[in-house]
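What follows is a single structure, written as C-alpha cells, with notes after it.
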Amino acid sequence: MVQSHGFLLLFSPDSLSSPFRPRKAGGGKPLDHEVPIHVVTEPSQLPAEFLNPSAAKQLIIGFDCEGVDLCRHGTLCVMQLAFPDAIYLVDAIKGGESLIRACKPALESSHITKVIHDCKRDSEALYFQFGIKLHNVVDTQIAYSQIEEQEGRTRLPDDYISFVGLLADPRYCGILYVVVFIYIVRLRSYNLIFV
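Read in order, the letters of the sequence shown are residues 26 to 220 in the numbering used here.
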C-alpha cells in the first residue's frame, strides 16, 4: 500500500516489485543482482560493440543526456547508456571532448537503436557542441503523442508527458510512481542524475 503525505511517501516493501532489476526469460523472479553502473571517463571503458557498431551485432540501448541548460549553448555533462546487462554513465566533463567524439560512430550508427524520451535538446546539444547527428532514434515522447492521436485523443500543440508519467500510465508501463521515485532517489544519492 502506498500513501502520499506531502513529499513523504510511505509504502510496504511487499507492495512493490522493482522493474529495474534484470528478470529471467519468461518473466520469472528477478535475478539476485542488480544491473551494474559504470562511470566512464575513457573510451576503453565502453563495450567494444558500442564503439565499433556493425550490422552483425545490432544493439538496442536506452539513451539520455544530462547537462546544464542542455541545448546548443548549454553544457553536456553526462550521457547515459543503458545496455541489457549494464548501465554506462559517460562523464563528458572528466572524459572531455575526445570521449564524446569516440561515441560518435555509435550515436550516428544505423546498427544501434537509441531509445530516448524527448530527444530534442539532447540531439541539439550533441550536434552543435560535438558535430554528432543522432541516427536510428526511437523517441518515446513522440511515440506516446502518435498513439494518443491514433486513439482519437485531441493532441494539443504543447502536448507533453514526462518520462515518469509515461512509466506510470497504466496503458503503457503501469509502474507505480513510488518505484520510479525510489530509483531516482537511489541514482541521486550517487550523484548519477540531475533530475
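Where a beta carbon is used, it is the ideal one built from N, C-alpha and C, also for glycine.
Asked                                                                                                                                : Found
Could you tell me whether the Cβ atoms of Val103 and Glu122 are closer together than 8 Å?                                            : no
Determine the contact status of Thr138 and Ile85, defining contact as a CB-CB distance below 8 Å.                                    : yes
To the nearest angstrom, how far is the alpha carbon of His98 from that of Ile125?                                                   : 17 Å
Do the stretch 165-179 and the stretch 103-121 meet, that is, are 3 or more Cβ pairs less than 8 Å apart?                            : no
Measure the Cβ-Cβ separation of Gly177 and Val140 and say whether it is below 8 Å.                                                   : no
Would you kindly report the start and end of the unbroken alpha helix (DSSP H) that includes Lys129?                                 : 129-132
Kindly indicate which three-state DSSP category Leu71 falls into: helix, strand or coil?                                             : coil
Applying the 10 Å Cβ sphere with the 16-neighbour rule, what's the burial state of Gly120?                                           : buried
Just list the residues that DSSP pairs Cys90 with in beta bridges.                                                                   : Met104
What residue from Tyr169, Leu114, Leu101 has the CA that sits closest to Ser148's CA?                                                : Leu101
Please report the straight-line C-alpha distance between Ala73 and Ala81, rounded to a whole angstrom.                               : 13 Å
Look at the alpha carbon of Thr66 and the alpha carbon of Phe75, and state the distance between them as a whole number of angstroms. : 15 Å
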